[in-house]
Amino acid sequence: MPQLDTSTWFITVLSTTITLFILMQLKISLHNFPQTPLMKSIELMKTNNPWESKWTKIYSPLSLPQQ
101 MPQLDTSTWF
111 ITVLSTTITL
121 FILMQLKISL
131 HNFPQTPLMK
141 SIELMKTNNP
151 WESKWTKIYS
161 PLSLPQQ
């Protein structure tokens, strides 16, 4: 049974890895990334809600007196 010649495997794997790395770098470098967004000033607006002006209490059905 003949032996498998593995003497060229190292250079094959190394050259394939380097080629893939270069191709990925080229692909990433040609991609247009968006600019960083600018901070916008956020002004909080106070809204007058009708339920904020009066005191309310919510009764749960179990806390009501028995009838």
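One point on numbering: in the numbering used here, the residue at position 35 of the sequence shown is 135, and numbering is uninterrupted. Where is the CB? At the ideal position from N, CA and C, for every residue including glycine. Quick caveat, the model's predicted, so the values are computed rather than measured.
**Report entry** For P108, the three-state DSSP class (helix, strand or coil)
**Finding:** Along the sequence shown, one-based indexing puts residue 108 at 8. The displayed chain sequence assigns Thr, not Pro, to residue 108. Looking at T108 - three-state DSSP - the assignment turns out to be coil, as it is neither helix nor strand.
Query raised in the report: Taking DSSP as the reference, what is the three-state secondary structure of M124?
Result: Stepping through the sequence shown from its first residue, residue 124 is reached at position 24. Helix.
Report task. Would you kindly work out how many angstroms separate the C-alpha atoms of F121 and S141, rounded to a whole number? Result -> Taking the sequence shown and counting its residues from 1, one reaches residue 121 at position 21. Taking the sequence shown and counting its residues from 1, one reaches residue 141 at position 41. The C-alpha of S141 is placed about 42 Å away from the C-alpha of F121.
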